[in-house]
């Protein structure tokens with residue numbers, strides 16, 4: 190395993206990102222290609238196989254990991270559903286890639302991959318127990334326990350954005366009402382303010398009182414949501430990723446204040462709340478980490 194290489198793939202609705210990684214986390218080569226439109230499973234697999242050949246022309250890799258925008262089964266073989274991809278229901282993606290590349294393949298939800306990436310090479314690398322919250326179009330999550338990704342017995346654990354914040358709040362696609370996602374996602378920010386997160390971040394930087402108040406309240410809601418997760422999981426660190434985390438400096442202080450007020454010291458001793466470090470790179474890094482686990486290292 191010492192000199193082994195793997196391929197990490199991050200499958201998105203508009204782009205497929207790939208990287209070839211060494212065991213120490215060095216990305217030896219990377220590539221981004223467009224997701225075929227329509228993104229049928231057959232077209233996506235063909236595009237991936239072609240991109241893998243480009244990123245690993247000498248066939249040095251021993252395994253492939255893929256992050257998909259939706260839940261996978263517990264064995265990491267089947268993409269149950271994929272958000273923004275046409276006709277993706279129970280797609281045997283690992284089997285399809287193995288058949289075409291002859292390399293062992295494993296798949297996971299993209300937020301889980303981002304969590305693995307941050308745990309391996311990013312903000313979570315000093316910790317064995319952490320949670321990642323991705324604040325993007327939706328709110329995703331990942332749970333790392335004792336250095337390993339926790340996916341639960343069906344593979345669907347870690348949907349941290351779907352916990353209830355307000356039982357009478359806006360209806361969520363999940364069927365829940367008032368989920369964390371309905372308050373913290375980019376979509377929720379637009380609905381509540383009529384503005385983009387980047388615009389609110391720029392206004393806060395310029396000292397705009399309304400924007401600063403918005404971010405403080407946003408941090409309060411984040412802190413309240415995290416309270417439930419901290420009591421259940423007692424992580425050493427909470428890593429905040431996704432596009433909204435660009436404004437973390439304006440909302441992490443109020444999130445921390447809520448946690449300090451609501452969580453017993455015994456459940457939060459030494460807890461760190463940290464912005465993610467890897468950005469869009471987290472997904473392919475985590476998929477590569479997954480591939481190393483598949484390859485036995």
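Residue numbers (this note's numbering): 190 to 486. The beta-carbon is built from N, C-alpha and C at its ideal position, and this holds for glycine as well.
Open item on the list: On the DSSP letters alone, give me the boundaries of the alpha helix (DSSP H) that residue 443 sits inside.
Closed with: Along the chain shown, one-based indexing puts residue 443 at 254. Judged by DSSP secondary structure, residue 443 falls within the alpha helix (DSSP H) whose first and last residues are 437–451.
TODO: For residue 371, count neighbouring C-beta atoms within 10 Å of its own C-beta (all shown protein chains included) and say buried if the count is 16 or more, exposed if not.
DONE: Taking the first residue of the chain shown as position 1, residue 371 is located at position 182. Buried: at least 16 other Cβ atoms inside 10 Å.
TODO: Would you list the one or two residues that DSSP bridges to residue 342?
DONE: The count along the chain shown starts at 1 and reaches residue 342 at position 153. Partner(s): none; residue 342 has no beta bridge.
Open item on the list: Between the alpha carbons of residue 200 and residue 217, how many angstroms are there, rounded?
Closed with: As a working mapping, residue 200 is identified with position 11 in the chain shown. As a working mapping, residue 217 is identified with position 28 in the chain shown. Whole-angstrom Cα-Cα distance: 19 Å.
Open item on the list: Going by DSSP, what residue range makes up the alpha helix (DSSP H) through residue 386?
Closed with: For the purposes of this step, residue 386 is taken as the residue at position 197 of the chain shown. Its alpha helix (DSSP H) spans residues 386–394.
Open item on the list: Rounded to the nearest angstrom, what separates residue 266 and residue 426 at their Cα positions?
Closed with: Translated into positions along the chain shown, residue 266 becomes position 77. Translated into positions along the chain shown, residue 426 becomes position 237. Computed Cα separation, rounded: 29 Å.
TODO: Consult DSSP for residue 216 and reduce its assignment to one of helix, strand or coil.
DONE: Here the question's residue 216 lines up with position 27 in the chain shown. DSSP, reduced to helix, strand and coil, places residue 216 within a strand of the structure shown.
Task: Coarse secondary structure for residue 314, derived from DSSP in three states - done: Numbered from its first residue, the chain shown carries residue 314 at position 125. In the displayed model, residue 314 falls within coil according to three-state DSSP, outside both helix and strand.
- [ ] Measure from the alpha carbon of residue 318 to the alpha carbon of each residue in 307, 287 and 280, then state which is nearest.
- [x] Taking the chain shown and counting its residues from 1, one reaches residue 318 at position 129. Comparing Cα positions, the closest option is 307.
Open item on the list: Using the three-state DSSP reduction, which class does residue 272 fall into: helix, strand or coil?
Closed with: In the chain shown, residue 272 corresponds to position 83, counting from 1. Per DSSP, reduced to three states, the secondary structure at residue 272 is coil, with no helix or strand assignment.
TODO: Would you kindly work out how many angstroms separate the C-alpha atoms of residue 341 and residue 347, rounded to a whole number?
DONE: What you label residue 341 is simply residue 152 of the chain shown in a count that begins at 1. What you label residue 347 is simply residue 158 of the chain shown in a count that begins at 1. Taking C-alpha positions only, residue 341 is separated from residue 347 by approximately 8 Å.
- [ ] Taking only the alpha-carbon atoms, compute the straight-line gap between residue 244 and residue 221 and give it to the nearest angstrom.
- [x] Translated into positions along the chain shown, residue 244 becomes position 55. Translated into positions along the chain shown, residue 221 becomes position 32. Distance between the alpha carbons of residue 244 and residue 221: 10 Å.
Open item on the list: Please report the straight-line C-alpha distance between residue 194 and residue 254, rounded to a whole angstrom.
Closed with: As a position in the chain shown, residue 194 is number 5, starting the count at 1. As a position in the chain shown, residue 254 is number 65, starting the count at 1. When rounded, the distance between both Cα atoms is 12 Å.
- [ ] Spatial neighbours of residue 382 within its chain, please: CB distance less than 8 Å, with the 5 preceding and 5 following residues excluded, ordered by chain position.
- [x] Indexing the chain shown from 1 puts residue 382 at position 193. Closer than 8 Å at Cβ, skipping near neighbours: 389 and 403.
Open item on the list: Need the endpoints of the alpha helix (DSSP H) that residue 286 sits in, please.
Closed with: On the chain shown, residue 286 is found 97 positions in, with the first residue counted as 1. Counting along the chain, the alpha helix (DSSP H) containing residue 286 begins and ends at 282–290.
Open item on the list: Going by beta-carbon coordinates alone, are residue 448 and residue 429 separated by less than 9 Å?
Closed with: Taking the chain shown and counting its residues from 1, one reaches residue 448 at position 259. Taking the chain shown and counting its residues from 1, one reaches residue 429 at position 240. 9 Å or more divides the Cβ of residue 448 from the Cβ of residue 429.
TODO: Can you say whether residue 209 is buried or exposed, counting buried as having 16 or more other CB atoms within 10 angstroms of its CB?
DONE: The count along the chain shown starts at 1 and reaches residue 209 at position 20. With 16 or more Cβ atoms within 10 Å of its Cβ, residue 209 is classed as buried.
TODO: Specify, as a first and last residue, the run of the alpha helix (DSSP H) that residue 355 falls within.
DONE: Here residue 355 refers to the residue found at position 166 when the chain shown is read from its first residue. Residue 355 -> no alpha helix (DSSP H), and no H or E assigned at all.
Task: Of the residues 251, 328 and 246, the one placed nearest residue 482, counting alpha carbons only - done: Position 293 of the chain shown, counted from the first residue, corresponds to residue 482. Nearest of 251, 328 and 246 to residue 482, Cα basis: 251.
- [ ] Could you tell me the distance, in whole angstroms, from the CA atom of residue 322 to the CA atom of residue 350?
- [x] For this step, residue 322 is matched to residue 133 along the chain shown. For this step, residue 350 is matched to residue 161 along the chain shown. Taking the straight line joining both Cα atoms gives about 8 Å.
Task: Beta carbon of residue 353 nearer than 9 Å to that of residue 330 - done: To locate residue 353, count along the chain shown from 1; it is residue 164. To locate residue 330, count along the chain shown from 1; it is residue 141. No, the Cβ-Cβ distance between residue 353 and residue 330 is not below 9 Å.
TODO: Could you spell out where the alpha helix (DSSP H) holding residue 382 opens and where it closes?
DONE: Here the question's residue 382 lines up with position 193 in the chain shown. For residue 382, the enclosing alpha helix (DSSP H) starts and ends at 375–382.
- [ ] Could you give the DSSP three-state label for residue 414: helix, strand or coil?
- [x] For this step, residue 414 is matched to residue 225 along the chain shown. Here DSSP, grouped into helix, strand and coil, assigns residue 414 to helix.
TODO: Examine the Cβ distances between the region 431–449 and the region 259–278 and report whether three or more of them are shorter than 8 Å.
DONE: Output reads no: the region 259–278 does not touch the region 431–449.
Task: Alpha carbon of residue 292 to alpha carbon of residue 286, nearest angstrom - done: The residue labelled residue 292 in the question sits at position 103 within the chain shown. The residue labelled residue 286 in the question sits at position 97 within the chain shown. When rounded, the separation of the alpha-carbon atoms in residue 292 and residue 286 is 8 Å.
TODO: Determine the extent of the beta strand (DSSP E) in which residue 464 is found, giving its start and end residues.
DONE: Position 275 of the chain shown holds residue 464. Residue 464 -> beta strand (DSSP E) spans 461–464.
Open item on the list: Give me, in chain order, the residues of the same chain whose beta-carbon lies closer than 6 Å to that of residue 343; leave out the 5 immediate sequence neighbours on both sides.
Closed with: Translated into positions along the chain shown, residue 343 becomes position 154. Take residue 343, set aside five residues on each side of it, and the residues of its chain with a beta-carbon closer than 6 Å to its own are 263, in chain order.
Task: Distance CB(residue 396)-CB(residue 444) smaller than 9 Å - done: Here residue 396 refers to the residue found at position 207 of the chain shown. Here residue 444 refers to the residue found at position 255 of the chain shown. In terms of Cβ geometry, residue 396 and residue 444 do not form a close pair [threshold 9 Å].
Task: For residue 351, the three-state DSSP class (helix, strand or coil) - done: Counting from 1 along the chain shown, the entry for residue 351 is found at position 162. Residue 351: helix per DSSP, three-state reduction.
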